[in-house]
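Numbered per full-length UniProt numbering, the sequence shown spans residues 1 to 240.
Every residue gets a Cβ at the ideal spot worked out from N, C-alpha and C, and that includes glycine.
Encoded as structure tokens, the structure appears first; notes follow it.
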Amino acid sequence: MDEPKKDSPLSAEELKNKGNECVKDGKFIEAVLHYTHAIKMDPNNYVLYSNRSYAFLKLDQHYLSLQDANETVKLQPQWAKGYFRRAEVECASGLYDEAIISYTRALQLDPHNPKLIECIKNITDMQKQKIKGNQNTIWICTCLGFIVGIAVVILDYTLTSSPTLGHPFSMVAFSIALAGLGWAIGKSVTLMNTWSAGKSLQPPDDLAGSDSPSNETVQPEKKAKYSKAQARQRYKQGRL
Numbered sequence: 001m002d003e004p005k006k007d008s009p010l011s012a013e014e015l016k017n018k019g020n021e022c023v024k025d026g027k028f029i030e031a032v033l034h035y036t037h038a039i040k041m042d043p044n045n046y047v048l049y050s051n052r053s054y055a056f057l058k059l060d061q062h063y064l065s066l067q068d069a070n071e072t073v074k075l076q077p078q079w080a081k082g083y084f085r086r087a088e089v090e091c092a093s094g095l096y097d098e099a100i101i102s103y104t105r106a107l108q109l110d111p112h113n114p115k116l117i118e119c120i121k122n123i124t125d126m127q128k129q130k131i132k133g134n135q136n137t138i139w140i141c142t143c144l145g146f147i148v149g150i151a152v153v154i155l156d157y158t159l160t161s162s163p164t165l166g167h168p169f170s171m172v173a174f175s176i177a178l179a180g181l182g183w184a185i186g187k188s189v190t191l192m193n194t195w196s197a198g199k200s201l202q203p204p205d206d207l208a209g210s211d212s213p214s215n216e217t218v219q220p221e222k223k224a225k226y227s228k229a230q231a232r233q234r235y236k237q238g239r240l
């Protein structure tokens, strides 16, 4: 009797196609699995890294997406889509300056691509809005500080019999000081926003180095069941 035929393993191209179908259906985790299996079979296929980069980006795995985008560029530096993938991750991570550079590099390789031109325009507008938003934040905080300073001066002058800020110079100086404090607060907020950009590109905890203490399983030290004297006694009695 003939033995049943075993299913032959899928080729890298077939796995890529299955991954593409999963992407169309919004099944990005399954797509990553198919692309990963395909990459194991064909590790120099830059298209596979590009496709997996896109799937990772849809899963908000920016670090992994950027790694694949960089690998795409490394394997095929003359392919515009590799730089486009990298720009998309950088844009999603808030690194607008870096994204503009990557988009521009892609446009140099594919100068007639209208999508790249549109992306550069959009991210340039986003960068301008970000700068304008930071300026507005600083301005608003400065004005609020100055208004609070004036309010304190007025209340101090009208509600107390002996105002602390009785001299006009001290009133002005106090209001300006609070305005300066408001400016410092606004500036700090904008700096924090700037520093937070790119945080999503930090490697996940489960990809940290094995030397990291957080990845080491610390076994609790076993407490001795018996003291040495008790152990000798039990040995003599043949109970060990």
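Query	Result
Local Cβ density within 10 Å of Ala173, reported as buried at 16 or more and exposed below that	exposed
Supposed close pair Gly186, Ile140 - CB separation, criterion 8 angstroms	7 angstroms
As assigned by DSSP and simplified to three states, the class of Ser162	coil
Spatial distance of Asn17 from Asp68 (CA atoms)	18 angstroms
Buried versus exposed, by CB contacts within 10 Å (16 or more), Gly82	buried
Own chain partners of Pro9 with C-beta closer than 6 angstroms, once the 5 adjacent residues on each side are dropped	none
Length of the line joining the Cα atoms of Met41 and Glu71	16 angstroms
Three-state secondary structure assigned by DSSP to Trp139	helix
Which listed residue (Cys119, Leu64, Ile131) has its alpha carbon closest to that of Ala99	Cys119
Residue-level contact to chain C via CB, Thr190, 8 angstroms cutoff	Of the protein chains in this structure there is only one, and it is not chain C.
Same chain only: Cβ atoms within 8 angstroms of Asn44, ignoring 5 sequence neighbours per side	Leu75
Touching by the beta-carbon criterion (3+ pairs, under 8 angstroms), the stretch 131-139 and the stretch 188-203	yes
Terminal residues of the alpha helix (DSSP H) in which His34 lies	28-41
Reduced DSSP category for Ser93 - H, G, I as helix; E, B as strand; rest coil	coil
Pick from Asp97, Trp79, Ser102, Cys143 that is closest to Ala87, judged by C-alpha positions	Ser102
Whole-angstrom distance between Leu144 and Gln129, CA atom to CA atom	22 angstroms
Close beta carbons around Lys163, own chain, < 7 angstroms, minus the five adjacent residues each side	Reading the sequence as shown, one finds Pro at residue 163 and not Lys. The residues are Asp156, Tyr157.
CA nearest to the CA of Asp97, picked from Val152, Lys121, Lys58	Lys121
Sequence-distant residues of the same chain with beta carbon closer than 8 angstroms to Leu109, five excluded per side	Gln78, Trp79, Ala80, Tyr83
Simplified DSSP assignment, three categories, for Asp125	helix
Boundaries (first-last residue) of the alpha helix (DSSP H) holding Asn70	62-75
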